[in-house]
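Working notes, structure below.
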Amino acid sequence: MADIVLDVPLAYIILDRFVERCNRAGFLTDKVINNVPSRGRKRFVSEGDGGHVKPTTFTMRD
Numbered sequence: 003m004a005d006i007v008l009d010v011p012l013a014y015i016i017l018d019r020f021v022e023r024c025n026r027a028g029f030l031t032d033k034v035i036n037n038v039p040s041r042g043r044k045r046f047v048s049e050g051d052g053g054h055v056k057p058t059t060f061t062m063r064d
């Protein structure tokens, strides 16, 4: 999936919608759904140091 996402950025979203529709139609079991790959939460730059938000500091010029 990681390679596909390079060419199709919305691949995880498309897969998630497809699995959801198949589940509603009764095609997939819970076991199969739990094994479907999912993208982790995207991290923000400010969370780079162990999740701590960096304080904003401005330097003032005279």
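Heads up: the sequence shown begins at 3 in this note's numbering, then just goes up one per residue.
Where is the CB? At the ideal position from N, CA and C, for every residue including glycine.
Bear in mind that the values here come from a model prediction, so they are computed numbers and not experimental data.
_Whole angstroms are fine: how far does the CA of GLU22 sit from the CA of SER40?_
Between SER40 and GLU22, the C-alpha separation is close to 13 Å.
*To the nearest angstrom, how far is it from the Cα of ARG26 to the Cα of LEU12?*
Rounded to whole angstroms, the gap between the alpha carbons of ARG26 and LEU12 is 21 Å.
*Rounded to a whole number of angstroms, what is the C-alpha to C-alpha distance between ASP18 and VAL34?*
Spanning the two alpha carbons is a distance of roughly 13 Å.
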